[in-house]
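Asks: Quick one: the structure is below, questions incoming.
2 protein chains.
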Amino acid sequence: MRVSDKHQKITQAAVKVFARKGFFNARISDIAKEAKVADGTIYLYFNNKYDILISLFEDEIGKIIVKVKLLLENETDPQKMLQIYALHHLNLLQEQKELVEVLQMELRQSNKFIKEYRNTKFIEYIDIVSDIVHKGQQEGHFRQEVKPGIIKRAFFGALDEMSRLWSLSAKPHYTLEETAEQISDIFLYGLTKRDN
Amino acid sequence: MRVSDKHQKITQAAVKVFARKGFFNARISDIAKEAKVADGTIYLYFNNKYDILISLFEDEIGKIIVKVKLLLENETDPQKMLQIYALHHLNLLQEQKELVEVLQMELRQSNKFIKEYRNTKFIEYIDIVSDIVHKGQQEGHFRQEVKPGIIKRAFFGALDEMSRLWSLSAKPHYTLEETAEQISDIFLYGLTKRDN
DNA sequence: AGTCAAAATGAATAGCAATTCATAATTGAC
DNA sequence: GTCAATTATGAATTGCTATTCATTTTGACT
């Protein structure tokens, strides 16, 4: 078995266990059991329990960024780009429910060290949104008075909160596509009726 | 000293300590010290550590709901109502930074917390938004095709994410009023230019 | 099939912190 | 001023689990 295999096996087990019990209630022995590995083996691949969480975060957000950038590659219309981003973000929940739950949890941990560490990857992910908004403004599609730095947060926050709702309730009230469309729609056109 | 005084003293101390260290890293002895009370005394007012968190959550969200409902009482324009809601939500961070941090953290802390403990208070808080949207639709100001059940989450999520940004960075890039206005503006009018 | 380094094991260690409870202090009714 | 009830104390108990490390297993190479 290659080194990376065991590393990955442990990471995947950790995602499962953290999602089920939360980081602090998860025991190393739970993760070891889930990964079918001895407790001590985990310490050959990670420095400590926090380290599992941190490297998990970095690896997985990294993959998500790569994937969404790939999806956006061949699209130039900023409106469609926002729709693609929204759809992909919500889609994650279907494909990797446990991972999304862990990332959400971790994003709100109070540990200062973790706060600082995870920041660069996370910022890279939401900056995709501000880049799209900026592009839309330059091309004259989007209003000049909105601030990309605020929109990126608002857009991410809206999507993330929808994810949170879904990861909690067994039976979603709305479909994924419906939700992605509504969110994009609101951000693109707002609530109020257009004058005709 | 009246019973309620000590109960409140402990709650306030817990907010401080949870904000500083997070729920799991906070020791009962930390809270006791902060409240200037013996460790054992805490158990005269709360069943266990978890109970401190839950009753804190209920009490404080309750107060927030009362206050925002009061602020909305004399306003009938749904657009202005959303602005008031946004401003009040963000304002909390200035007035009660530690509390906001704790509420944010705990809202995501463990799925167990949310799943097992029916968070009626939280739902009551965000339902204020869907009520406003619904009213706006009935009165013909808002588009019929948006779903209040999605908007309430998106709007709360956007505001909450802005709060999170602020509670992390020492120096905010935008003022509170500016941010509240941008968020309301986006939800009301969207990103794209209006046809004239 | 013997040798060796690397990888893996899991029982033992070590330290922490929630909760308890025997004791003490405080209160207030008479 | 006394006494019982109420409230508070904080050291001791208890249980838990992250991490370590002496030992074993693996597998590559001769």
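So the protein lines, in turn, are chains B and W.
Following our numbering, the numbering of the first sequence begins with 2 at its first residue and continues without gaps.
Following our numbering, the numbering of the second sequence begins with 2 at its first residue and continues without gaps.
We put the beta carbon where it would ideally sit given N, CA and C, even for glycine.
Remember, predicted model here, so these are calculated numbers, not experimental data.
Could you compute how far the alpha carbon of Ile-62/B sits from the alpha carbon of Val-103/B?
Replies: For the purposes of this step, residue 62/B is identified with residue 61 of the first sequence, where counting begins at 1. For the purposes of this step, residue 103/B is identified with residue 102 of the first sequence, where counting begins at 1. The alpha-carbon atoms of Ile-62/B and Val-103/B are separated by roughly 11 angstroms.
Asks: Relative to the C-alpha of Glu-178/B, which candidate in Ile-124/B, Leu-93/B and Val-18/B has its C-alpha closest?
Replies: In the first sequence, the residue the question calls residue 178/B occupies position 177. Minimum Cα distance to Glu-178/B is reached at Leu-93/B.
Asks: When the cut-off is 7 angstroms and only beta carbons count, does Met-163/B lie next to chain W?
Replies: As a first step, residue 163/B is located in the first sequence; it is residue number 162 there, counting from the start. At least one chain W Cβ lies under 7 angstroms of Met-163/B.
Asks: Give me, in chain order, the residues of the same chain whose beta-carbon lies closer than 6 angstroms to that of Asp-31/W; leave out the 5 immediate sequence neighbours on both sides.
Replies: The count along the second sequence starts at 1 and reaches residue 31/W at position 30. Only Val-18 meet the Cβ criterion.
Asks: Alpha carbon to alpha carbon, how far is Leu-88/W from Lys-148/B?
Replies: Counted from its first residue, the second sequence places residue 88/W at position 87. Counted from its first residue, the first sequence places residue 148/B at position 147. Approximately 17 angstroms between the Cα atoms of the pair.
Asks: Give the single residue among Lys-10/B, His-142/B, Glu-182/B and Tyr-126/B whose Cα lies nearest to the Cα of Leu-71/B.
Replies: By one-based count along the first sequence, residue 71/B stands at place 70. Comparing Cα positions, the closest option is Tyr-126/B.
Asks: Could you tell me which uninterrupted beta strand (DSSP E) segments, each at least 3 residues in length, are contained entirely in the stretch 77-102 of chain B, listed from first to last along the chain?
Replies: none
Asks: From which residue to which residue does the alpha helix (DSSP H) around Leu-160/B run?
Replies: As a working mapping, residue 160/B is identified with position 159 in the first sequence. Leu-160/B -> alpha helix (DSSP H) spans 149-169.
Asks: For Phe-58/B, return the contacting residues in chain W, with the cut-off set at a CB-CB distance below 7 angstroms.
Replies: The residue labelled residue 58/B in the question sits at position 57 within the first sequence. By Cβ distance, chain W contributes nothing, its closest Cβ being about 14 angstroms from Phe-58/B, past 7 angstroms.
Asks: If you measure from the beta carbon of Arg-154/W to each beta carbon in chain B, is any gap under 7 angstroms?
Replies: As a first step, residue 154/W is located in the second sequence; it is residue number 153 there, counting from the start. The Cβ of Arg-154/W sits closer than 7 angstroms to at least one Cβ of chain B.
Asks: For Phe-19/W, name the three-state secondary structure that DSSP assigns.
Replies: By 1-based counting over the second sequence, the position of residue 19/W is 18. Here Phe-19/W sits in helix by DSSP.
Asks: Counting only the same chain and skipping the five closest in sequence on each side, list residues whose C-beta sits under 6 angstroms from that of Asp-186/W.
Replies: Taking the second sequence and counting its residues from 1, one reaches residue 186/W at position 185. Nothing meets the Cβ criterion.
Asks: Cutting at 8 angstroms between CB atoms, please list the residues of its own chain near Ile-152/W, excluding the five before and the five after it.
Replies: Numbered from its first residue, the second sequence carries residue 152/W at position 151. Same-chain partners within the cutoff: Val-130, Ser-131, Val-134 and Phe-188.
Asks: Between the stretch 181-193 of chain B and chain W, which residues of the former have CB atoms less than 8 angstroms from a CB of the latter, in chain order?
Replies: Gln-183, Ile-184, Asp-186, Ile-187, Phe-188, Leu-189, Tyr-190, Gly-191, Leu-192 and Thr-193
Asks: Three-state secondary structure (DSSP) at Phe-143/B?
Replies: The residue labelled residue 143/B in the question sits at position 142 within the first sequence. DSSP places Phe-143/B in strand when its eight states are reduced to three.
Asks: Quick check: what's the CA-CA separation for Ile-184/W versus Tyr-86/B?
Replies: Numbered from its first residue, the second sequence carries residue 184/W at position 183. Numbered from its first residue, the first sequence carries residue 86/B at position 85. In a straight line, the C-alpha of Ile-184/W is about 19 angstroms away from that of Tyr-86/B.
Asks: So with Cβ pairs under 7 angstroms, would you call Gly-41/B a contact of chain W?
Replies: Taking the first residue of the first sequence as 1, we reach residue 41/B at position 40. No, Gly-41/B does not count as interfacial toward chain W.
Asks: Would you list, in chain order, the members of the stretch 10-34 of chain W that have their beta-carbon closer than 9 angstroms to a beta-carbon of chain B?
Replies: From the stretch 10-34 of chain W, only Phe-19, Ala-20, Arg-21, Lys-22, Gly-23, Phe-24, Phe-25 and Asn-26 have a Cβ closer than 9 angstroms to chain B.
Asks: Tell me the DSSP secondary structure of Met-2/W in three-state form.
Replies: Counting from 1 along the second sequence, the entry for residue 2/W is found at position 1. For Met-2/W, the predicted structure reports a pLDDT of 46, less than 50, and the residue's modelled location is therefore unreliable. The matter cannot be settled from this model.
Asks: Among Asn-75/W, Val-38/W and Phe-24/W, which has the Cα closest to the Cα of Arg-109/B?
Replies: Your numbering for residue 109/B matches position 108 in the first sequence. Nearest option by C-alpha distance: Phe-24/W.
Asks: Once DSSP output is grouped into helix, strand and coil, what is the label at Thr-42/W?
Replies: Residue mapping note: residue 42/W aligns to position 41 of the second sequence, counting from 1. DSSP places Thr-42/W in helix when its eight states are reduced to three.
Asks: Tell me, please, whether the CB atom of Lys-136/B is closer than 7 angstroms to any CB atom in chain W?
Replies: Taking the first residue of the first sequence as position 1, residue 136/B is located at position 135. Not closer than 7 angstroms to any Cβ of chain W, the Cβ of Lys-136/B fails to qualify, so no.
Asks: Using a C-beta cutoff of 7 angstroms, does Ile-127/W count as contacting chain B?
Replies: For the purposes of this step, residue 127/W is taken as the residue at position 126 of the second sequence. For Ile-127/W, the answer is no, since every Cβ of chain B falls outside 7 angstroms of its Cβ.
Asks: Compute the Euclidean distance between the alpha carbons of Ala-155/W and Asp-161/B, then round it to the nearest angstrom.
Replies: The residue you call residue 155/W lines up with position 154 of the second sequence. The residue you call residue 161/B lines up with position 160 of the first sequence. Taking the straight line from one Cα to the other gives about 9 angstroms.
Asks: Quick one: Cα of Asn-48/B to Cα of Thr-42/B, how far?
Replies: As a position in the first sequence, residue 48/B is number 47, starting the count at 1. As a position in the first sequence, residue 42/B is number 41, starting the count at 1. Their backbone Cα atoms lie some 11 angstroms apart in a straight line.
Asks: Please work out which residues of its chain come closer than 7 angstroms, Cβ to Cβ, to Ala-159/W, disregarding the five sequence neighbours upstream and downstream, and give them in chain order.
Replies: Position 158 of the second sequence, counted from the start, is the residue given in the question as residue 159/W. Correct list, in chain order: Ile-184.
Asks: Alpha carbon to alpha carbon, how far is Ile-124/W from Leu-166/B? Give it in angstroms, no decimals.
Replies: Locating residue 166/B in the first sequence gives position 165, counting from the first residue. Locating residue 124/W in the second sequence gives position 123, counting from the first residue. Leu-166/B and Ile-124/W: Cα-Cα distance of roughly 11 angstroms.
Asks: For Gly-158/W, would you say it is in contact with chain B, using Cβ-to-Cβ distances shorter than 7 angstroms as the test?
Replies: The count along the second sequence starts at 1 and reaches residue 158/W at position 157. Closer than 7 angstroms to some Cβ of chain B, the Cβ of Gly-158/W qualifies, so yes.
Asks: Taking C-beta pairs closer than 9 angstroms, name the residues in chain W that Tyr-86/B reaches, listed in chain order.
Replies: Here residue 86/B is taken as the residue at index 85 of the first sequence, counted from 1. Chain W residues near Tyr-86/B: none, gap ~13 angstroms exceeds 9 angstroms.
Asks: At a cut of 8 angstroms, does the stretch 134-146 of chain B reach the stretch 73-81 of chain B through at least three beta carbon pairs?
Replies: In short, these stretches touch, since the Cβ pair count reaches three.
Asks: Would you say Phe-143/B reaches chain W, if we count a Cβ-Cβ gap shorter than 7 angstroms as a contact?
Replies: Position 142 of the first sequence, counting from 1, holds the residue named residue 143/B. At least one chain W Cβ lies under 7 angstroms of Phe-143/B.
Asks: Roughly how many whole angstroms lie between the Cα atoms of Ile-29/B and Asp-40/B?
Replies: Along the first sequence, read from residue 1 onward, the residue named residue 29/B stands at position 28. Along the first sequence, read from residue 1 onward, the residue named residue 40/B stands at position 39. Taking the straight line from one Cα to the other gives about 7 angstroms.
Asks: Taking 7 angstroms as the CB-CB cut-off, is Asn-106/B touching chain W?
Replies: Within the first sequence, the letter at position 105 stands for residue 106/B. According to the sequence provided, residue 106/B is Met. The question's Asn does not apply to it. Met-106/B counts as touching chain W.
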